[in-house]
Amino acid sequence: MNFFLEGIYQTVGEHLPMWLMMLIAAVTGIAVVLGMVSLIAMFSVWLERKVSGHIQCRYGPMYVGWHGWLQSIADGVKLLLKEDMIPRDADRALFMLAPGLVLAAILGAFAAYPLSPGIWFGDIDLGVFMIIAFSSMTTIGVVMAGWASNSKWTIYGSMREAAQVVAYEIPLGISLLVPVMVAGTFNLREASALQADWFGMKWFLFTNPFMLPAFVLFFIAALAETKRAPFDLPEAESELVAGFMTEYSGIRWSFFFMEEYAAMFLMSALGAVFFLGGFESPLTHFAGEFFGRDLVVVGAGGAKELNFAAIPYHLVAAVTLIAKCFFGVFLMMWLRWTLPRVRIDQVMTMGYKYLTPLSLLCVLGAALWEAGKHALFAS
Amino acid sequence: MTRETQSTPAASTRVQRLGAGEVSVDIRTPDLEINFGPQHPATHGVMRILMRADGELVTGAQPHLGYLHRCAEKIGENVEWLQYLPYTDRYDYLASMNNNLGYSLAVEALLGVEIPRRATLIRIICAELNRIGSHLVAFGTYGLDIGAFTPFLYTFREREWMMALFEKICGARLTYSYIRIGGLFNDAPPGWFEEVSRFCDVFEQKWQEYVDLLLVNQIYVKRTANIGIISREMALDFGLTGTMVRGSGIDWDLRRDMPYMCYDEIWRSGAFKIPVARGEMGALGDCWDRSWVRVMEMIESIKIVRWCLDNMVEGPVIADIPKTLKVPLGEAYVGIENPRGELGHYVVSDGGKVSIRTRVRGPSFCNLAVLEDILPGSLVGDAIAIIGSTDIVVGETDR
Chain S
1 MNFFLEGIYQ TVGEHLPMWL MMLIAAVTGI AVVLGMVSLI AMFSVWLERK VSGHIQCRYG
61 PMYVGWHGWL QSIADGVKLL LKEDMIPRDA DRALFMLAPG LVLAAILGAF AAYPLSPGIW
121 FGDIDLGVFM IIAFSSMTTI GVVMAGWASN SKWTIYGSMR EAAQVVAYEI PLGISLLVPV
181 MVAGTFNLRE ASALQADWFG MKWFLFTNPF MLPAFVLFFI AALAETKRAP FDLPEAESEL
241 VAGFMTEYSG IRWSFFFMEE YAAMFLMSAL GAVFFLGGFE SPLTHFAGEF FGRDLVVVGA
301 GGAKELNFAA IPYHLVAAVT LIAKCFFGVF LMMWLRWTLP RVRIDQVMTM GYKYLTPLSL
361 LCVLGAALWE AGKHALFAS
Chain R
1001 MTRETQSTPA ASTRVQRLGA GEVSVDIRTP DLEINFGPQH PATHGVMRIL MRADGELVTG
1061 AQPHLGYLHR CAEKIGENVE WLQYLPYTDR YDYLASMNNN LGYSLAVEAL LGVEIPRRAT
1121 LIRIICAELN RIGSHLVAFG TYGLDIGAFT PFLYTFRERE WMMALFEKIC GARLTYSYIR
1181 IGGLFNDAPP GWFEEVSRFC DVFEQKWQEY VDLLLVNQIY VKRTANIGII SREMALDFGL
1241 TGTMVRGSGI DWDLRRDMPY MCYDEIWRSG AFKIPVARGE MGALGDCWDR SWVRVMEMIE
1301 SIKIVRWCLD NMVEGPVIAD IPKTLKVPLG EAYVGIENPR GELGHYVVSD GGKVSIRTRV
1361 RGPSFCNLAV LEDILPGSLV GDAIAIIGST DIVVGETDR
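Protein sequence lines correspond, in order, to chains S and R. Taking my numbering, the leading residue of the first sequence gets 1, the next gets one more, and so forth. Taking my numbering, the leading residue of the second sequence gets 1001, the next gets one more, and so forth.
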């Protein structure tokens, strides 16, 4: 949260020790992440209901608020007030820990998500790495939940989850390697900044012919990674009742739900930043031209100053990225409400036999293309 | 490990201690016994299947029935002939019209009454519309079993109209008791036939939607083709009927082969065909073939309805039979083509007001028997698909 840190430093910097300011910034960051994840989850739940409703020739929620926009809040209250049930033979400690772990992992992954070109939680150089690592940590929580519930259906669900994530982590990572290689950075913010040319339309997707297949592969792998249909085998409701979540109810159950939507958003964010231009769009470009881009400028005396005039640009950039993310989320929902579910052996076959080799081919092709480009045009 | 070594009990229990903390890896845990149901989203009611599974592989399955047993047949021997009719609604609640029809035909066979032509035609319209409704549920919920939620709501949209049509003709939406012994409860209201005709027109368009959205969807085909294969021999051995037997490539339909009412007349006029699976997407008799037969039958039913509408006559809709029915001494068995197969009613009368034996041959119950043979060897996900493809209605298996 450099912007906040700088802001605090500017206003009360002289009176506070450095560690306290760091603490304040950290607490602010955590609060913002928590709020963001909850908001994203609530909005996504509402969106999912609306999308599914309209796909299925019905309205979805209509009664709580305008077009049911308060429905998620009503549901949240309901879930909070529900009886907290733990099955008698469950492993109590693990059972209670699992949803927390799942949520904590996805919250951790959000640390690498840049809010705007100048506002971020942590400017992590291995941002992609961190997001993938944290989001695969949720698998541990899921397996834990399935095991702790002490039910056969949950074991099936968690084992499927483990197998599926292991199979799809590889193509996910490798297909993401293609734009990372072109960008030359793991940092989400920097990668986004690299796509600013052509009036904000020099998206990685358009710069290399191997990007499009890589994007498709990435999207499929992301679907599997986030347990979305047609890869929703861990919670396949017609097969496994509710998979690993069978024994959960109330707020613990909603943690899994929040994780799912936050993970969808994060995966879409990765896709948006590394294939679809991140913050960049013509709108962002012109906002940048008009309002200026730097939030923190070096003033006359060499001291850093806050440049509030650039805030509209950052707002536009932030909204651009969020819109792109929700476009991805919408695609996932669209697929979920259209396609049947694939079978577990088909999931495995697809992951190991097709996606992994294809993504490797994409990396090879993209690397050769870039090398060729350098050889031809660099000299 | 190969399957052979796994199945020998000696190998399964051999644990060799090698040294401190070292164990040779030849441990085999016993098969997992899973209670599939009675409360499970994919059992379509309260059926219980005791499954044994080795990981994702189903090694054994045994259906346990009786959770919905309501002594339907015994009730039939304790109430008057006409009073039993509403009970027939309740065993296969997705095809109540057909159930009414089956029982009525059996009793009428004993009575030997002449059914007015108009009643017969309206009966066929109702039975076929109900067949469409039943197949819509079967196909929609089958998509649900496979994981596709949306086609289910599309099919229910058309079924809703079908139920509205029935509501107009008899006032009920699910348990009609419309087809009575001797004819019908009452005549169709004005404008009803026109609406049925409109329904047929719209349905033909919507039907294409199901085919495009689900039936030929690649994931759907991959999920359903080549699993749950019932060969011709197996289908004959188990005495399967209806869509199950036609899904195995055997051309057998009671409407043509043991005609009742005026189905033979419709058949001879060439108005409808009987779809028989050809194994287009995989082996003959797989789950896809059965669902294909159902989807195709819907459109054939529409043709039969059209034929009846075109040949509709004026006249009474119920034969002249007394309120308190005394059925002549004798026994009768009438099997009709229910959406799920042969629904047979066997009734015995001693000449009194009450049947002395009522026996129902339920298609779901008979078709269910094949599950025990086709489930083992499939994956858990396939097991759901196979159970769904048999299209059982638990209310009828248990009665």
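Where a beta carbon is used, it is the ideal one built from N, C-alpha and C, also for glycine. Quick caveat: nothing in here was measured; it's all calculated off a predicted structure.
Per DSSP, the continuous beta strand (DSSP E) segment holding Ala1053 (chain R) begins and ends at Arg1048 to Asp1054. Glu247 (chain S): not part of any beta strand (DSSP E); DSSP gives it neither H nor E. Contact check for Gly157 (chain S) against Ala263 (chain S) fails: the beta carbons are separated by 9 Å or more.
Taking CB atoms only, Glu1056 (chain R) has a neighbour in chain S less than 9 Å away.
Proximity of chain S to Ile1034 (chain R) at the Cβ level (cut-off 7 Å) is accounted for by Lys152, in chain order.
In this structure, Glu1056 (chain R) sits near Gly1381 (chain R), with a CB-CB distance shorter than 9 Å. Below 8 Å, too few C-beta pairs join the region 1185-1193 of chain R and the region 1148-1159 of chain R to call them touching: fewer than three. Ranked by Cα distance from Thr1059 (chain R), the first of R:Gly1066, R:Ile1392 and R:Met1051 is R:Met1051. Restricting attention to R:Gly1228, R:Cys1071 and R:Asp1145, the CA atom closest to the CA of Gly1377 (chain R) is found in R:Gly1228. Contacts with chain S (Cβ-Cβ distance below 8 Å) from the region 1139-1151 of chain R involve Gly1143, Leu1144, Asp1145, Ile1146, Gly1147, Ala1148, Phe1149 and Thr1150, listed in chain order. Interface with chain S (9 Å Cβ-Cβ cutoff): Asp1289 (chain R) is excluded. DSSP, reduced to helix, strand and coil, places Pro1116 (chain R) outside both helices and strands of the structure shown, so it counts as coil. Assignment of Gln1062 (chain R) by DSSP, reduced to helix, strand and coil, places it in the strand class.
At a cut-off of 9 Å, the C-beta of Asp1382 (chain R) has a neighbouring C-beta in chain S. Rounded to the nearest angstrom, the Cβ distance from Glu280 (chain S) to Ala196 (chain S) is 5 Å, consistent with a contact under 8 Å. Contact fails between the region 340-348 of chain S and the region 46-56 of chain S, because fewer than three Cβ pairs, one in each stretch, are under 8 Å apart. The straight-line gap separating the alpha-carbon atoms of Met96 (chain S) and Ser135 (chain S) is approximately 19 Å. At a cut-off of 9 Å between beta-carbon atoms, Pro1316 (chain R) makes no contact with chain S. At the C-beta level, Ser1389 (chain R) and Asp1092 (chain R) stay beyond 9 Å of one another. DSSP places Ile1318 (chain R) within a strand segment (E or B) once states are collapsed to three.
Rounded to the nearest whole angstrom, the CA to CA distance from Arg1123 (chain R) to His1345 (chain R) is 17 Å.
Residue-level contact by beta carbon fails for Lys1273 (chain R) and chain S, as no gap is shorter than 9 Å. Under the three-state reduction of DSSP output, Ser175 (chain S) falls in the helix class. Comparing alpha-carbon positions, the option among R:Val1107, R:Ala1148 and R:Gly1279 lying closest to Leu1085 (chain R) turns out to be R:Val1107. Per the Cβ contact rule, the region 164-182 of chain S is in contact with the region 349-360 of chain S (3 or more Cβ pairs under 8 Å).
For the pair Arg1117 (chain R) and Gly1315 (chain R), the Cα-to-Cα distance works out to about 8 Å.
Comparing alpha-carbon positions, the option among R:Glu1297, R:Thr1243, R:Thr1324 and R:Ala1271 lying closest to Asn1311 (chain R) turns out to be R:Ala1271. Fully enclosed alpha helix (DSSP H) runs of no fewer than 4 residues occupy 1117-1146 and 1150-1170 of the region 1098-1171 of chain R, in order along the chain.
When secondary structure is reduced to three states using DSSP, Asn1367 (chain R) falls in the helix class.
At least one C-beta of chain S is nearer than 9 Å to the C-beta of Arg1223 (chain R). Judged by DSSP secondary structure, Phe330 (chain S) falls within the alpha helix (DSSP H) whose first and last residues are Ile311 to Arg336. Shown here is that no member of the region 1168-1186 of chain R has a Cβ falling below 8 Å from a Cβ of chain S. For the region 34-89 of chain S, there is no continuous beta strand (DSSP E) assignment of 3+ residues that stays within its boundaries. By the C-beta density criterion, Leu103 (chain S) is buried, having at least 16 other C-beta atoms within 10 angstroms. Those residues of the region 340-370 of chain S placed with their C-beta closer than 7 Å to a C-beta in chain R are Pro340, Arg341, Val342, Arg343, Ile344, Asp345 and Gln346, ordered along the chain. When the alpha-carbon of Ile124 (chain S) is set against those of S:Asn187, S:Lys78 and S:Arg160, the nearest one is in S:Asn187.
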